[in-house]
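The next block holds one structure in the form of structure tokens; read it before the comments.
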Amino acid sequence: MAISELNKRRWRNFRRNGRAFWSLIIFAILFVVAMLAEVVANDKPIVVSYRGELFFPAYKFYPETAFGGDFGTEAIYRDEAVQCLIVTGGRQECWDDPEELIRSVKAGNSDIPEDEQGWMIWPPIPYHYKTINNVGTAPSAPDGDHWLGTDDTARDVLARVIYGFRLSILFTLIVTVVASSIGIAAGAVQGYFGGRTDLVFQRVLEIWASTPGLYVIIILFAILGRSFWLLVFVTILFGWPALVGVVRAEFLRARNLEYVRAARALGVSDRKIMFRHILPNAMVATLTMMPFVVTGTISGLAALDYLGYGLPASAPSLGELALQAKQNLQAPWLAFTAFFTFAIMLSLLVFVFEGVRDAFDPRKTFK
Numbered sequence: 603m604a605i606s607e608l609n610k611r612r613w614r615n616f617r618r619n620g621r622a623f624w625s626l627i628i629f630a631i632l633f634v635v636a637m638l639a640e641v642v643a644n645d646k647p648i649v650v651s652y653r654g655e656l657f658f659p660a661y662k663f664y665p666e667t668a669f670g671g672d673f674g675t676e677a678i679y680r681d682e683a684v685q686c687l688i689v690t691g692g693r694q695e696c697w698d699d700p701e702e703l704i705r706s707v708k709a710g711n712s713d714i715p716e717d718e719q720g721w722m723i724w725p726p727i728p729y730h731y732k733t734i735n736n737v738g739t740a741p742s743a744p745d746g747d748h749w750l751g752t753d754d755t756a757r758d759v760l761a762r763v764i765y766g767f768r769l770s771i772l773f774t775l776i777v778t779v780v781a782s783s784i785g786i787a788a789g790a791v792q793g794y795f796g797g798r799t800d801l802v803f804q805r806v807l808e809i810w811a812s813t814p815g816l817y818v819i820i821i822l823f824a825i826l827g828r829s830f831w832l833l834v835f836v837t838i839l840f841g842w843p844a845l846v847g848v849v850r851a852e853f854l855r856a857r858n859l860e861y862v863r864a865a866r867a868l869g870v871s872d873r874k875i876m877f878r879h880i881l882p883n884a885m886v887a888t889l890t891m892m893p894f895v896v897t898g899t900i901s902g903l904a905a906l907d908y909l910g911y912g913l914p915a916s917a918p919s920l921g922e923l924a925l926q927a928k929q930n931l932q933a934p935w936l937a938f939t940a941f942f943t944f945a946i947m948l949s950l951l952v953f954v955f956e957g958v959r960d961a962f963d964p965r966k967t968f969k
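Quick note, the sequence shown lines up with residues 603 to 969 if you use my numbering.
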């Protein structure tokens with residue numbers, strides 16, 4: 603599909619905005635890393651070679667018996683005995699002195715044939731966001747093993763930040779796309795038809811806006827339990843009116859312009875006039891509000907997690923990290939990590955959406 607000249611001009615304008623363009627590049631890199639979190643931060647190897655066969659524990663369940671063990675439960679790959687079974691091709695001597703056997707294989711002093719010897723490729727961060735580490739005192743300060751330290755339950759902070767970043771961005775993308783689509787459609791209908799339709803919609807919005815969303819979330823979670831998709835549903839339920847006012851105003855202004863009246867006279871359908879002719883001209887004002895919608899959704903999720911009414915307790919949460927920072931003032935690395943994570947994430951998103959807004963504005967040009 604060919605790109606129109608208008609969209610090419612918008613892309614050129616966006617690229618000329620250096621702050622927005624480089625923010626998009628940095629955010630894209632961070633997002634890709636977060637989406638590949640299982641191969642970046644995990645307590646399971648990415649690839650395991652056992653007796654010439656390849657296994658992928660980061661994405662698939664393998665029982666301990668698959669590597670010559672005794673149990674049908676999932677293999678604990680951080681256990682030295684399991685590592686020894688993989689390296690030695692399932693030798694039962696691993697249960698007696700696994701460390702010595704592993705050392706002899708790596709040194710080349712073992713009598714195990716090379717085709718039976720195995721190996722493992724670990725992620726750069728060998729911890730999952732749920733991994734509890736035996737580090738003694740928790741929270742522990744940053745060191746060579748835990749680059750951002752551990753939290754008060756001895757879980758690696760960097761692993762939780764990576765998974766929490768992914769969860770926050772996915773949550774925000776889903777809520778923003780769905781809520782904005784509903785809000786834009788509702789505002790378009792109000793502004794285009796006006797009259798009684800606009801009057802009824804406005805009264806509905808006034809009643810809806812006065813509903814205490816936080817109390818509804820607390821009640822629903824008390825009855826149904828906390829879950830990701832329930833939180834997405836409730837957030838969309840109370841978030842869609844954010845863009846209605848802006849879109850409504852743009853449609854009210856444009857519906858009596860000459861090109862709209864001419865389209866009506868030619869018999870063009872209302873739907874086509876609304877979404878093909880008026881909406882593109884209303885996108886600048888709509889995109890102006892988009893950074894506030896995105897940052898508000900991320901901040902709302904973090905606030906709910908901070909208060910204990912957000913994602914399930916087992917989920918990697920940036921808001922829960924901020925709560926831990928407040929409860930553990932003797933561990934300043936938790937506060938610094940939470941602050942810089944939110945600051946970088948929100949700043950990048952705001953810069954990107956500002957660039958998109960300016961690219962859609964025909965009055966904006968960049969040198």
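Ideal Cβ positions, reconstructed from N, Cα and C, are used throughout, including at glycine.
- Relative to the Cα of Asp963, the nearest Cα in the group Pro882, Val780, Leu923 belongs to Pro882.
- Looking at the backbone, the Cα of Val780 and that of Val834 are separated by about 10 Å.
- With a cutoff of 8 Å on beta-carbon distance, Ala961 and Asn615 are scored as near each other.
- Inclusion of Thr888 and Val846 in the CB contact set at 8 Å is not warranted, their separation being larger than that value.
- A contact between stretches requires three or more CB pairs, one per stretch, nearer than 8 Å, and the segment 683-692 meets this requirement with the segment 710-730.
- According to the DSSP assignment, Leu845 belongs to no alpha helix (DSSP H), since it is labelled neither H nor E.
- The criterion of a C-beta distance shorter than 8 Å is not satisfied by Pro725 and Ala636.
- When secondary structure is reduced to three states using DSSP, Tyr765 falls in the helix class.
- For Phe657, DSSP records a beta bridge to Val650.
- Minimum Cα-Cα distance from Tyr911 among the listed residues Leu801, Gly620, Thr837 corresponds to Thr837.
- Counting C-beta atoms within 10 angstroms of its own C-beta, Pro814 has fewer than 16 neighbours from the protein chains shown and is therefore classed as exposed.
- Secondary structure of Arg863 (DSSP, three-state): helix.
- In this structure, DSSP gives Trp721 an extended state, which the three-state scheme calls strand.
- For the 8 Å CB-CB criterion, Asp672 and Tyr729 do not form a contact.
- Each of Asp758, Leu923, Arg873 was checked against the Cα of Asp907, and the nearest Cα belongs to Leu923.
- In this structure Gly793 is in contact with Arg857, their Cβ atoms being roughly 7 Å apart against a cut-off of 8 Å.
- DSSP, reduced to helix, strand and coil, places Pro893 within a helical segment of the structure shown.
- In this chain, the alpha helix (DSSP H) harbouring Arg612 covers 607-618.
- A check of alpha carbon separations from Ala937 across Leu925, Ile946, Leu948 identifies Leu925 as the nearest.
- Here Pro700 is buried, its C-beta having at least 16 other C-beta atoms within 10 Å.
- For Val684, the CB contacts under 7 Å within the same chain, skipping 5 residues up- and downstream, are Glu666, Phe669, Gly671, Ala677, Ile678 in chain order.
- Shortest Cα-Cα distance from Phe894 to any of Leu948, Gly654, Val806 involves Leu948.
- According to the DSSP assignment, Pro700 belongs to the alpha helix (DSSP H) that extends over 700-709.
- Following the DSSP letters along the chain, one finds Trp935 inside the alpha helix (DSSP H) bounded by residues 934-962.
- Pro744 is positioned such that its CB atom lies no closer than 8 Å to that of Asp753.
- For Lys928, the uninterrupted alpha helix (DSSP H) segment begins and ends at 920-929.
- Inter-segment contact for the segment 821-828 and the segment 758-774 is absent: fewer than three beta-carbon pairs are separated by less than 8 Å.
- Check the Cα spacing between Gly841 and each of Ala811, Ile734, Tyr861: the tightest is with Ala811.
- Secondary structure at Thr755: coil, using DSSP grouped into helix, strand and coil.
- In the three-state DSSP reduction, Ala630 falls in the helix class (H, G or I).
- Our two residues, Val896 and Ser783, have alpha carbons roughly 14 Å apart in a direct line.
- The distance from the Cβ of Glu682 to that of Ala660 is about 20 Å, inconsistent with a contact at the 8 Å cut-off.
- Secondary structure at Pro665: strand, using DSSP grouped into helix, strand and coil.
- Rounded to whole angstroms, Ile648 and Asn711 show a C-alpha spacing of 27 Å.
- Between the beta-carbon of Phe773 and that of Leu903 there is about 6 Å, and that keeps the pair under the 8 Å contact cut.
- Per DSSP, Cys686 is one residue of the alpha helix (DSSP H) stretching across 682-690.
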